[in-house]
Each structure stands twice: as C-alpha cells, then as structure tokens.
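Structure first, commentary second.
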Amino acid sequence: MRVNASAGSKRARSPETRGGVTVVVLAAGKGVRMNSKIPKVLHPVAGRPMLLWSMAAARALDPERTLVVTNPAQDGVQAALDGEGQTVPQRDQLGTGHALAQVSAEHRTTGPVIVIYADTPLLRGETLLQLVKEHGKSGAAVTLLTARVDDPRGYGRIVRARNGVFRSIVEEKDATDGEREILEVNSGVYCFTGRELWPALLKLENKNRAGEYYLTDVVKLIKGKVNTMAVSDPMEILGINDRRQLAQAEAAMRRRILERLMHDGVTITDPSTTFVDADVQVGRDTVIHPFSVVTGETTVGEDCVIGPFAQVRDSIIGDGCRIERAHLEKATLASNVLIGPFSRLRPGSMLDEGVRVGTHAEIKNSHIGAGTAIAHFSAVLDSDVGANANIGAGTVTANYDGQAKHRTEIGDRAQVGSDTILVAPVTVGHDAYTAAGSVITQDVPAGSLAIERSDQKIVEGWTARKRGRKTEVGKP
Ligand code: UD1
Ligand code: CA
Numbered sequence: 004m005r006v007n008a009s010a011g012s013k014r015a016r017s018p019e020t021r022g023g024v025t026v027v028v029l030a031a032g033k034g035v036r037m038n039s040k041i042p043k044v045l046h047p048v049a050g051r052p053m054l055l056w057s058m059a060a061a062r063a064l065d066p067e068r069t070l071v072v073t074n075p076a077q078d079g080v081q082a083a084l085d086g087e088g089q090t091v092p093q094r095d096q097l098g099t100g101h102a103l104a105q106v107s108a109e110h111r112t113t114g115p116v117i118v119i120y121a122d123t124p125l126l127r128g129e130t131l132l133q134l135v136k137e138h139g140k141s142g143a144a145v146t147l148l149t150a151r152v153d154d155p156r157g158y159g160r161i162v163r164a165r166n167g168v169f170r171s172i173v174e175e176k177d178a179t180d181g182e183r184e185i186l187e188v189n190s191g192v193y194c195f196t197g198r199e200l201w202p203a204l205l206k207l208e209n210k211n212r213a214g215e216y217y218l219t220d221v222v223k224l225i226k227g228k229v230n231t232m233a234v235s236d237p238m239e240i241l242g243i244n245d246r247r248q249l250a251q252a253e254a255a256m257r258r259r260i261l262e263r264l265m266h267d268g269v270t271i272t273d274p275s276t277t278f279v280d281a282d283v284q285v286g287r288d289t290v291i292h293p294f295s296v297v298t299g300e301t302t303v304g305e306d307c308v309i310g311p312f313a314q315v316r317d318s319i320i321g322d323g324c325r326i327e328r329a330h331l332e333k334a335t336l337a338s339n340v341l342i343g344p345f346s347r348l349r350p351g352s353m354l355d356e357g358v359r360v361g362t363h364a365e366i367k368n369s370h371i372g373a374g375t376a377i378a379h380f381s382a383v384l385d386s387d388v389g390a391n392a393n394i395g396a397g398t399v400t401a402n403y404d405g406q407a408k409h410r411t412e413i414g415d416r417a418q419v420g421s422d423t424i425l426v427a428p429v430t431v432g433h434d435a436y437t438a439a440g441s442v443i444t445q446d447v448p449a450g451s452l453a454i455e456r457s458d459q460k461i462v463e464g465w466t467a468r469k470r471g472r473k474t475e476v477g478k479p
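Heads up: take any position in the sequence shown, counting from 1, add 3, and you land on the numbering used here.
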C-alpha cells in the first residue's frame, strides 16, 4: 500500500456545498515584505507553491467554480495553476476589496462565495467545509473565520461589543492601542452569501475613491447578520507576509506531512531532521532515518530504509530498497536495490531488482540489469549493463569525446576488471572479461577476455641501486 503524504483528496459533494459554491482565491498582491524577485504566492511550502495549497484546500468544497485573482504583471502564476481555476486579472493592486471586485458580473452568483487569501497555505479543506456548513446553519450574510493567536501583529483584529457581539475588523494600522491588545484576529477566510456580498462590494468601490479598498470594510457595509467561526488550530490561518513566516509555515507543514506518514505506517526516527515534500508517497514499514530529504514527485515503496543522510528527488524507489548517504535525482529503482554510502544517481538511472551500488559511484542515463554490482568508485554514464555483471572498482565509461556522448554496452554476467576505461561507443559481450587496468577501445566478444596493458617488468635490486649501497633489500 502506498500512502500519499498530501491532504485534500477529491470527495463527493457534501450537503453543505450542494447547489454550488464559488471560491475566490486572492493571489495578486505585491508581496513587498517578502523582498523577492518572484511572486509571493509562488514561494514553495513543503515543495508546493503556496497558491497551490490554497487551491487544494478549495477542492475540498467541490466548488462550482474557482476564480483566482492574479496580477498580470507577475510571471509564472498562470503556469503554476496548470489549468486549474479561472484567472481574473487585477491590474492595479488596490487592496483585497478591490481584488474581489475584479470578479465579473457573470460570476457574481447569489449562493455561497468563499474568499481565501493565497498566502495562507496551512488552511485545511476540512475547515472550509465546516465554515460553509456553519454559514448555512446561521443564515448570516457573512461568516468570518477567526483565530485566537498569541501574537496578533500584522492581522486585522476582531472587535466585539461587551456582550461579545461582533462589531468590526480593524486593521493594525488603524487600530487604537486598546484594539491592538485583542488576540482574536481575522484569518482572511470568509464565507459570504452572494446575494448580500456583491451589493456591499459596490458600495465599497463607490465609497473609497482613493487609496486602498479593504475587504474587511465590506463586512461593515453588508446587509444582514455577521457570524464568526473560530478555527481550533490557530496555525491554520498563518498568513505568509515575510520569510520568517514562510519558515514557520514550512516547519508546520513538514510536521503535518510527517505525522500523516507516521499515522499511515512509516517510521520517522527523527522528525526534526527529516524533510518530506507534500507529493511524496511512502509505503508501509519503510524507515526514514535522520538527515534525509525526500522531495518532488518521489514514490518510495514498502520496507525500505532511507538514510541516514539520503537526498532523493523526483525518483521512484521499489520495495525493500536501502539508500544510505546517497544523492538520487530522477532515478528509478526496482525492488531490493542497495545504494551507498556516498553514491550519486543522476537523471535517467534505471536499476533493476537487487542491484548493488556501493561507495563513490556515479550513474547517469544508464540501465543496470538485475543483480549487477557496482560496488566501489566507478562512473557508469550513458550505459546499458546486463544482469549479474560485476563492475570492478574504478571503472569508467568514457562517454564523451569532446563533441558527442556515446553509449557503452556491457552484457550479462560480464566481469569488468578494476580500473577499466571503456571508451564509448564500445560493447563488452555476455560473459566477457576485461583485465584490470585496461583501456578498452574495441568491442569485446562474448565469453572472451580483453587485456590492454604492457607486460610487467621487474628490475631487480632497484632499491639498493637507488641508495647507492650494496645492502640487500629487506635487511638492515
Ligand atoms: C489581510 C487582512 C487582515 C487579515 C490578514 C490575514 C485586509 C485589508 N486585511 O491583511 O485583516 O488579518 O490578511 O492574513 O484584507 N491581494 C490581492 N490584491 C491586492 C492586495 C492583496 O490579490 O490588491 C491578495 C494577496 O496576494 C494576499 C491577500 O490578498 O494573498 C492578502 O493580502 P495582504 O496584503 O497579505 O493582506 P494582509 O496585510 O496580510
Ligand atoms: Ca497576508
């Protein structure tokens, strides 16, 4: 069984969302506080652009439509969405209220409208479902998701009357000293009833002709009841405005992914030094040891031992493999493959069942047949190696002649002697041998031995001659 580390799978439309909800994800902000060349919403959290975490949470609602407000001047956002959702351009960044106002008339539906800020990656789909449910029950015009936090700096505060009734959201820069003490904050997640939302938004646009349009002010203008729902885990609403918060989100998300894996039967010996990306899948009874980083679209089978000190990116690892102190990128391993310590598998490495790669080996763009051993320092590049072959220590497939890359073929059960240089293109046949230290430039027929080296010469009495003394070697 494979276990997916990511949450937010597609589910059947629940009664709360039946009839169709509209989700609007606000992703057009400048993100000035990130001090970055790339758009804030594309900064990854656990290997996935922040914006895609919001999209995944939204999917839990099975929405009728998902609109993403984007800044046309920001590159890469459209590409990251990969066709998901419909983008709505916001040319000037005049605030969150202005962003929502870019939604065109055809999408201004009367039903539930859920607004999410794309800088809130820890928000869970379950929480959104609960919010919509709560909203439906209350008959309110808007239900705000709030949270009680230890450090409210940077958030809009929820101001309530003495009897607890909601009054307003006050942005930090407009707040009085007293209001700044309030620990209940606005998450930036709202469930509106479209019928009340859109007229209130028009009022906001007409009211404020200069400066910024706060979505938080719509709540004052809206006709009907304002309801609030507090999130149980305040980390969920962490808004990423700067790199310090980005690191906080990364740590929380990583912990969440590891806990999910542990729940599903993966042993993580030290969660504090283990990094697994969201889209990584790991099979049951696999053990991940400290200082291991498993990223990208990687799949690890059952009963594997990963680490200590393994770095695996975009690779497929079969069952029962062991990877210790190794670096793998875009490699494919069948079952029971052993790698390391200290080896590197570069893109296009395909290792069949039971292959052993030992210390300081590098493999690239090569297929290695079942049961073959590359036990010691070797460079196997652009090669096709058969089954049950042995590649001796120090073997190099010399793949590059300065102009083009060439392939090396090594047959089944071939024995490549230590320190063989195979000058590609070249073939070593099935069951063939190469003698240690040979530079092989011509094909070696099946079952034969190729020796390419001069005969050994012995010069007797050499040491004594050097010293200019007539003592016998080995005697004082
Ligand atoms: C906002 C809220 C604040 C809340 C906090 C929660 C407002 C006025 N304030 O503050 O009450 O506590 O989020 O994290 O809403 N965006 C656009 N277009 C714009 C401006 C922003 O699309 O013109 C998007 C951004 O990409 C971002 C989101 O809206 O994803 C929120 O904007 P941001 O500037 O981060 O608002 P905060 O200051 O965090
Ligand atoms: Ca924010």
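Built from N, CA and C at the ideal position, the CB exists for glycine as well.
Linking residue 384 to residue 327 through their CA atoms gives a straight-line distance of about 21 Å. For residue 191, the closest of 144, 179, 164, 240 by C-alpha to C-alpha distance is 240. For residue 209, the uninterrupted alpha helix (DSSP H) run begins and ends at 197 to 210, by DSSP. Residue 136 sits in a helix when the DSSP states are folded into three classes. Secondary structure remark: continuous beta strand (DSSP E) runs of at least 3 residues inside the segment 14 to 94, in chain order: 25 to 29, 68 to 73, 89 to 92. Screening all residues for a C-beta within a distance smaller than 7 Å of any heavy atom in ligand 2 leaves 120, 122, 191, 242, 243, 244, in chain order. Collapsing the DSSP output to three states places residue 314 in a strand.
Taking each of 412, 434, 433 in turn and checking the Cα distance to residue 425, the smallest one comes out for 412. Beta bridge pairing from DSSP links residue 403 with 408. The continuous alpha helix (DSSP H) containing residue 255 extends over residues 246 to 266. Burial state of residue 406 is exposed, judged by a 10 Å Cβ sphere holding fewer than 16 other Cβ atoms.
In the DSSP assignment, residue 164 falls outside any beta strand (DSSP E), carrying neither H nor E. The count of Cβ pairs closer than 8 Å, one atom from the segment 207 to 225 and one from the segment 93 to 110, reaches three, so the stretches are in contact. As DSSP reads the structure, residue 365 sits in a beta bridge with 347, 382. At a threshold of 7 Å, residue 423 does not count as near ligand 1, since its beta carbon sits no closer than that to any of the ligand's heavy atoms. Under a 10 Å Cβ-count criterion, residue 35 is classified as exposed, with fewer than 16 other Cβ atoms of the shown protein chains found around its own Cβ. Residue 322 and residue 339 have their C-alpha atoms roughly 6 Å apart.
Spatial neighbours of residue 290 in its own chain (CB-CB distance under 6 Å, excluding positions within 5 residues in sequence) are listed in chain order as 270, 308. Relative to ligand 1, even the nearest heavy atom lies 7 Å or more away from the CB of residue 46. Residue 354 counts as buried, since at least 16 other C-beta atoms from the protein chains shown sit within 10 angstroms of its C-beta. Using a 10 angstroms sphere on the CB of residue 337, the tally of other CB atoms reaches 16 or more, which defines it as buried. Residue 101 sits in a helix when the DSSP states are folded into three classes. Here the C-alpha atom of residue 200 lies approximately 14 Å from the C-alpha atom of residue 142. Cβ atoms of residue 417 and residue 396 stay farther apart than 8 Å, at about 15 Å. Taking every protein chain shown into account, the CB of residue 56 has 16 or more other CB atoms within 10 angstroms, so this residue is buried. DSSP places residue 468 outside any beta strand (DSSP E); the residue lies instead in the alpha helix (DSSP H), whose first and last residues are 465 to 470.
Residue 44 is positioned such that its CB atom lies no closer than 8 Å to that of residue 116.
Each of 171, 144, 161 was checked against the Cα of residue 150, and the nearest Cα belongs to 161.
At a cut-off of 7 Å, the beta-carbon of residue 138 does not count as near ligand 1: no heavy atom of the ligand is closer than that. Scanning its chain for C-beta atoms nearer than 6 Å, with the 5 sequence neighbours on each side dropped, one finds around residue 364 the residues 346, 377, 381, in chain order.
Approximately 6 Å separates the beta-carbon atoms of residue 449 and residue 414; this is inside 8 Å, confirming the contact.
In the same chain as residue 390, and ignoring 5 residues on each side of it, the C-beta atoms closer than 8 Å to its own belong to 355, 372, 373, 374, 375, 415, 416, in chain order.
Residue 189 counts as buried, since no fewer than 16 other beta carbons sit within 10 angstroms of its beta carbon. By the criterion of a C-beta distance shorter than 8 Å, residue 196 is surrounded in its chain by 113, 114, 115, 116, 138, 143, 144, 145, 227, once the five residues flanking it on both sides are discounted.
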